[in-house]
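Student: Okay, handing you the structure first.
In the working numbering, the protein residues as written are 294 to 635.
Structure representation (structure tokens):
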């Protein structure tokens, strides 16, 4: 099959068109012909070598939607021709985390697309009944591709934040694929939402997505503005998508008893945390990974009912994967870039 293959870590130019084997399926799996695959900042970090455990050559891409092409003998809930959206990870379904509905923590399954298993930068991927949901005909494939990651990640983070209608929440990295959809979900939840971005050009798009306040900063020092916008109290939660660059100001943006939910880190590395700050204000620091299947089912329903409207910044053919990575690195657009298989 045709695929854009990562044979070495480096710049966008290391993504090259190649022919690879079509992945085989087991009796409990289904094979999906990929129609669309989102380009995530995680892909960019992986391509650059920040996840060196990824075995090379690799086929990246974990934001996948397509059509079931073949089903194994043990598969009962899907049939050939079904439209599906996929969760980023194939869980085992048997470990403690899977049983508890936290399959995003499973490390006993087949793995994460693009890191050990073939991802959506190829024409076909393998899936299972544990990481696939039916994609309603009302939802185009390019939108279906971003449901689990770009939409589901922020949805999951806001559940982890334990926020209620009327609470103030800050979203950093708000113009990216995860950020702008976290803003949309926050609006749907009735939260007072403050979006943090680095470009004034993105202000109106974030307002349209549902932000009550937009803070534009080049210095990543915004906590005083958050306090001004929240009548001096601070935010109940911060959904920290940018990570290290904004971490210090994010934690200072919180009210006493607030929660910092760590979702992303665009500049991998350590951050400094003074324990006294967290102790005296009883600040909680909460990790939040990718969506679970329950999240994907929920956001799919919300999009079907037009309660959420995923933002596709642009679609590009698969052969343009390197250019798509350059656009993501340039942070010039609002929403998600999606590769399509023609």
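Ideal placement from N, C-alpha and C gives every residue a C-beta, glycine not left out. This structure is a prediction, so every number in the text was calculated from the model and none was measured.
Is the stretch 383-401 in contact with the stretch 297-315, if contact means three or more CB pairs nearer than 8 Å?
Tutor: Cβ pair count under 8 Å is below three, so no.
Student: Can you find the residues in the same chain that come closer than 6 Å, C-beta to C-beta, to residue 489, ignoring five residues on each side of it along the sequence?
Tutor: For residue 489, where only same-chain residues beyond five positions count, the Cβ hits under 6 Å are 465, 467, 508 and 515.
Student: Leaving aside the five residues before and after residue 588 along the sequence, list all residues of the same chain whose C-beta is less than 6 Å from its C-beta, in chain order.
Tutor: Cβ neighbours of residue 588 beyond the five flanking positions: 445, 448 and 449.
Student: Starting from the N-terminal side, write out each stretch of the alpha helix (DSSP H) that is 4 residues or longer and does not extend beyond the stretch 524-581.
Tutor: With a minimum length of 4 residues, the continuous alpha helix (DSSP H) runs that stay inside the stretch 524-581 are 540-545 and 568-574.
Student: Residue 415: which of 430, 318, 351 and 481 sits nearest, CA to CA?
Tutor: The candidate whose alpha carbon is nearest that of residue 415 is 351.
Student: Am I right that residue 501 and residue 474 are in contact with their C-beta atoms under 8 Å? What's the rounded C-beta distance?
Tutor: Their Cβ separation, rounded to whole angstroms, is 13 Å, which puts residue 501 and residue 474 out of contact at 8 Å.
Student: What do you get for residue 570, buried or exposed, if any count of 16 or more other CB atoms within 10 angstroms of its CB means buried?
Tutor: The residue in question, residue 570, is exposed, as its Cβ has fewer than 16 Cβ neighbours within 10 Å.
Student: Is the beta carbon of residue 599 less than 8 Å from the beta carbon of residue 432?
Tutor: No; because the gap between Cβ atoms is not below 8 Å, this pair is not in contact.
Student: Report buried or exposed for residue 345, applying the criterion of at least 16 other Cβ atoms within 10 angstroms of its Cβ.
Tutor: Exposed: under 16 other Cβ atoms inside 10 Å.
Student: Out of 335, 562 and 543, which one is the CA nearest neighbour of residue 554?
Tutor: Nearest of 335, 562 and 543 to residue 554, Cα basis: 543.
Student: Give me whichever residues DSSP pairs with residue 609 in a beta bridge.
Tutor: Residue 609 pairs with 632.
Student: Tell whether a beta-carbon distance below 8 Å holds between residue 495 and residue 332.
Tutor: Not closer than 8 Å, so no.
Student: Looking only at DSSP bridge pairs, what is residue 295 linked to?
Tutor: Note: residue 295 sits in a beta bridge opposite 312.
Student: Ordered along the chain, which non-local residues of its own chain (more than five positions away) have a Cβ less than 7 Å from that of residue 386?
Tutor: Cβ within range, chain order: 423.
Student: In chain order, what residues of the same chain have a beta carbon less than 6 Å from the beta carbon of residue 505, not counting five sequence neighbours either side?
Tutor: The residues are 485 and 486.
Student: So, are the CB atoms of residue 296 and residue 329 less than 8 Å apart?
Tutor: Not in contact: residue 296 and residue 329 (Cβ atoms no closer than 8 Å).
Student: What whole-angstrom Cβ distance do residue 605 and residue 435 have, given they're in contact under 8 Å?
Tutor: Contact holds; Cβ gap of about 6 Å.
Student: For residue 367, which option in 578, 323 and 614 has the closest C-alpha, if you only look at C-alpha atoms?
Tutor: When only C-alpha atoms are compared, the closest one is 323.
Student: Identify the continuous beta strand (DSSP E) that holds residue 391 and give its terminal residues.
Tutor: Taken as a continuous stretch (DSSP letters only), residue 391 belongs to no beta strand (DSSP E), being part of the alpha helix (DSSP H) at 389-392.
Student: With distances taken Cα to Cα, identify the nearest neighbour of residue 375 among 382, 326 and 338.
Tutor: Comparing Cα-Cα distances from residue 375 to each of 382, 326 and 338, the minimum goes to 326.
Student: DSSP on residue 362, reduced to helix/strand/coil?
Tutor: If DSSP states are grouped into helix, strand and coil, residue 362 belongs with the strands.
Student: Where does residue 550 land, buried or exposed, given buried means 16+ other C-beta within 10 angstroms?
Tutor: With fewer than 16 other Cβ atoms within 10 Å, it is exposed.
Student: Give the DSSP-derived three-state secondary structure of residue 456 in the structure shown.
Tutor: Residue 456: coil per DSSP, three-state reduction.
Student: Can you check whether the CB of residue 607 is closer than 8 Å to the CB of residue 579?
Tutor: No; because the gap between Cβ atoms is not below 8 Å, this pair is not in contact.
Student: How would you label residue 497, buried or exposed, when you count the other beta carbons within 10 angstroms and need 16 or more for buried?
Tutor: When all chains shown are included, residue 497 counts as exposed.
Student: Could you check if residue 636 is buried or exposed, using at least 16 other CB atoms within 10 Å of its CB as the buried criterion?
Tutor: Look at the range of the chain in this structure, 294 to 635, and you will see that residue 636 is not part of it.
Student: State the Cα-Cα distance for the pair residue 620 and residue 315, rounded to the nearest angstrom.
Tutor: Taking the straight line from one Cα to the other gives about 29 Å.
Student: Contact check, residue 308 vs residue 614 under 8 Å by CB: the rounded distance?
Tutor: At roughly 5 Å, the Cβ-Cβ gap stays under 8 Å, so residue 308 and residue 614 are in contact.
Student: Between which two residues does the beta strand (DSSP E) harbouring residue 508 extend?
Tutor: Here the beta strand (DSSP E) through residue 508 covers 506-509.
Student: Would you kindly work out how many angstroms separate the C-alpha atoms of residue 459 and residue 481, rounded to a whole number?
Tutor: Answer to the nearest angstrom: the Cα atoms are 11 Å apart.
Student: So, residue 461 versus residue 529, is the Cβ gap smaller than 8 Å?
Tutor: Cβ distance < 8 Å, so residue 461 and residue 529 count as in contact.
Student: Are the Cβ atoms of residue 417 and residue 493 separated by less than 8 Å?
Tutor: No, the pair does not count as a contact, with Cβ atoms beyond the cut-off.
Student: Which residues in the same chain have their Cβ closer than 7 Å to the Cβ of residue 556, if we skip the five residues on either side of it in sequence?
Tutor: So the qualifying residues of the chain are 446, 450, 471, 532, 533, 534 and 581.
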